[in-house]
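For reference, the structure is listed below as structure tokens.
In our numbering, the protein residues as written are 5 to 444.
Okay, structure coming up:
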């Protein structure tokens, strides 16, 4: 066990402690941070090392130019001009095993990259900013426990190509006005548990991805992941998002969750989408369960092969598959249509909604952009919209209509899809076109 003070760390929030912290890590074992504010640039974990922040200890992102990693410090690292991510990180581990972070507060100090500080702006404008606070790549036997991550300028915790992961007891707080400040992103990871976390961000609270391009080898599936006993919130994106990449996401369970919207109140619930780019490649998604979830969101569910934004930009239909997805024991409030959107090339099948009860408010039909220029706000006059879905089934669905009666006309609108209803309360009924069908 190493104490950072013994290696010269000051902990006054002003002095750069980067070198002292790195010397302590290089000495091996667990590095202890006594109470204090430790300002640091990039620090690198090695195999069989860890950070333990005692109560009152804060690891603060900051430091001179030379204290940060170079964008090409490892071949797996990525920058993004579009998202203004410069590829720098606070805590890094590459191809390591048996690494850990526990306790205290890790602060991304996002305000350092602000370009304007008008609190009324929906989304703050940033200079090119640091990347993920925590970046672990191709590591195994990872433990991140009982700490607070806050004020990330970009994603807070990113694990790429990792396995044997335990994440528990995290509190993640991102400013609701900062784009792309995800909570936890697991990409091409396997054998992972996320539990007992409270996450409040502007962008996705938890994102499960399948993008192996940066890993430089054959496709790696994202698989055997559980997320349980968490409270999740996003101010404008999704509490849970599955998608991104060209690989495979499978065998995941999300259970015992409370999902609510924060900040500007446009946050959404669960999104499962194969592709978010104009590339013809997307991710296949299969064998996923969502159960025992309480929702208070604008849009409860979004399942699609390509995002609407991609199609609006001229992207082509993709031939990926989303299949065998279960939604069980869901309760909540909603304002926008849940969209399940396939295409002529790919496949959406085996969707099962069991014991789903939603209270619907909202305005009914709405355009893609609302009056405040928030995107992704489109809605029809039905609680659910199915388009080109091979097979879906509802059992014990009940929609309670809490808005003015003429705003919503149907429980489900079905277009070129096969949808079955069993033991459902359909007060307004369903509407189908001549190619679709519904069974009761």
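Where is the CB? At the ideal position from N, CA and C, for every residue including glycine.
Output the distance between the C-alpha atoms of residue 362 and residue 251, rounded to the nearest integer angstrom.
-> The residue given as residue 362 occupies position 358 in the chain shown. The residue given as residue 251 occupies position 247 in the chain shown. Taking the straight line joining both Cα atoms gives about 33 Å.
Take residue 111 as the anchor and find which of 5, 322 and 157 has the nearest alpha-carbon.
-> As a first step, residue 111 must be located in the chain shown, where it is residue number 107. Selected option, being the one with the closest Cα: 157.
Length of the line joining the Cα atoms of residue 113 and residue 244 = Mapped onto the chain shown, residue 113 falls at position 109. Mapped onto the chain shown, residue 244 falls at position 240. C-alpha separation (whole angstroms): 25 Å.
Out of curiosity, what's the CA-to-CA distance linking residue 44 and residue 169?
-> The residue labelled residue 44 in the question sits at position 40 within the chain shown. The residue labelled residue 169 in the question sits at position 165 within the chain shown. In a straight line, the C-alpha of residue 44 is about 25 Å away from that of residue 169.
Which residues mark the beginning and the end of the alpha helix (DSSP H) in which residue 30 is found?
-> By 1-based counting over the chain shown, the position of residue 30 is 26. Note, residue 30: alpha helix (DSSP H), 22 to 30.
Skipping 5 residues on each side, what residues in its chain have a beta carbon closer than 8 Å to that of residue 367?
-> Locating residue 367 in the chain shown gives position 363, where the first residue counts as 1. Hits under 8 Å: 339, 383, 407 and 411.
Output yes or no for whether 8 Å exceeds the beta carbon distance between residue 100 and residue 143.
-> Counted from its first residue, the chain shown places residue 100 at position 96. Counted from its first residue, the chain shown places residue 143 at position 139. A contact, by the Cβ cut-off of 8 Å.
Evaluate contact between the segment 173 to 182 and the segment 210 to 224, counting only Cβ atoms and requiring at least three cross-stretch pairs below 8 Å.
-> no
In chain order, each beta strand (DSSP E) run of at least 3 residues that lies wholly inside the segment 260 to 300 = 272 to 279 and 288 to 300
Since I believe residue 403 is in contact with residue 431 (beta carbons under 8 Å), could you give me their beta-carbon distance rounded to a whole number of angstroms?
-> Sequence index remark: in the chain shown, residue 431 carries index 427 (1-based). Sequence index remark: in the chain shown, residue 403 carries index 399 (1-based). Rounded, the Cβ-Cβ distance is 7 Å, consistent with contact.
What does residue 41 pair with, by DSSP beta-bridge criteria?
-> Position 37 of the chain shown, counting from 1, holds the residue named residue 41. Answer by DSSP bridge pairing, in chain order: 16 and 62.
Quick one: is residue 280 buried, meaning 16 or more other Cβ sit within 10 Å of its Cβ, or exposed?
-> Locating residue 280 in the chain shown gives position 276, counting from the first residue. Classification for residue 280: buried.
May I ask which residues mark the beginning and end of the beta strand (DSSP E) holding residue 1?
-> Past the boundaries of the shown model lies residue 1; the chain is included only from 5 to 444, so the question cannot be answered.
Alpha carbon to alpha carbon, how far is residue 421 from residue 400? Give it in angstroms, no decimals.
-> Counting from 1 along the chain shown, the entry for residue 400 is found at position 396. Counting from 1 along the chain shown, the entry for residue 421 is found at position 417. Going from the Cα of residue 400 to the Cα of residue 421 covers about 20 Å.
Quick one: grab the DSSP three-state call for residue 414.
-> Here residue 414 refers to the residue found at position 410 of the chain shown. In the structure shown, residue 414 sits in a strand (DSSP, three-state: E or B).
Determine the closest residue to residue 154 out of 105, 141 and 204, with distance taken between C-alpha atoms.
-> The sequence position of residue 154 within the chain shown is 150, counting from 1. Cα-wise, what sits closest to residue 154 is 204.
Where does residue 10 fall in DSSP's three states?
-> As a first step, residue 10 must be located in the chain shown, where it is residue number 6. Residue 10: helix per DSSP, three-state reduction.
Coil, strand or helix - residue 404 by DSSP | Taking the chain shown and counting its residues from 1, the one referred to as residue 404 is at position 400. DSSP places residue 404 in strand when its eight states are reduced to three.
Assuming residue 93 contacts residue 137 (C-beta within less than 8 Å), just tell me the rounded distance between them.
-> Against the chain shown, residue 93 aligns to sequence position 89. Against the chain shown, residue 137 aligns to sequence position 133. Indeed, because the Cβ distance is near 7 Å, the residues count as touching under 8 Å.
Among 84, 195, 9 and 66, which one has its Cα closest to the Cα of residue 17?
-> One-based indexing of the chain shown puts residue 17 at position 13. If we check each option's Cα against that of residue 17, 66 comes out closest.
Verify whether the separation of the beta carbon atoms of residue 90 and residue 132 is less than 8 Å.
-> Along the chain shown, one-based indexing puts residue 90 at 86. Along the chain shown, one-based indexing puts residue 132 at 128. Against a cut-off of 8 Å, the Cβ pair of residue 132 and residue 90 comes out as a contact.
Whole-angstrom C-beta distance between residue 150 and residue 184, which should lie under 8 Å | For the purposes of this step, residue 184 is taken as residue 180 along the chain shown, with counting starting at 1. For the purposes of this step, residue 150 is taken as residue 146 along the chain shown, with counting starting at 1. Their Cβ separation, rounded to whole angstroms, is 26 Å, which puts residue 184 and residue 150 out of contact at 8 Å.
Inter-residue spacing [alpha-carbon to alpha-carbon] between residue 351 and residue 394 | Locating residue 351 in the chain shown gives position 347, where the first residue counts as 1. Locating residue 394 in the chain shown gives position 390, where the first residue counts as 1. Distance between the alpha carbons of residue 351 and residue 394 is about 7 Å.
Residue 345 to residue 416 span [Cα, whole Å] = Mapped onto the chain shown, residue 345 falls at position 341. Mapped onto the chain shown, residue 416 falls at position 412. In a straight line, the C-alpha of residue 345 is about 13 Å away from that of residue 416.
What separation, rounded to the nearest whole angstrom, lies between the Cα atoms of residue 36 and residue 42?
-> To locate residue 36, count along the chain shown from 1; it is residue 32. To locate residue 42, count along the chain shown from 1; it is residue 38. Using only the alpha carbons, I get a separation of about 12 Å.
For residue 50, which option in 96, 9 and 83 has the closest C-alpha, if you only look at C-alpha atoms?
-> What you label residue 50 is simply residue 46 of the chain shown in a count that begins at 1. Residue 50 has its Cα closest to that of 96, out of 96, 9 and 83.
Measuring CA to CA, which of 105, 230, 355 and 242 is closest to residue 147?
-> As a first step, residue 147 must be located in the chain shown, where it is residue number 143. Per the Cα distances, 105.
CA nearest to the CA of residue 68, picked from 76, 98, 60 and 116 | What you label residue 68 is simply residue 64 of the chain shown in a count that begins at 1. It is 116.
Output the boundary residues of the beta strand (DSSP E) element that contains residue 343.
-> As a first step, residue 343 is located in the chain shown; it is residue number 339 there, counting from the start. From DSSP, the beta strand (DSSP E) with residue 343 extends over 342 to 345.
Take the Cβ of residue 61 as the centre, count every other Cβ of all protein chains shown within 10 Å, and call the residue buried at 16 or more, exposed below.
-> Indexing the chain shown from 1 puts residue 61 at position 57. Burial call: buried.
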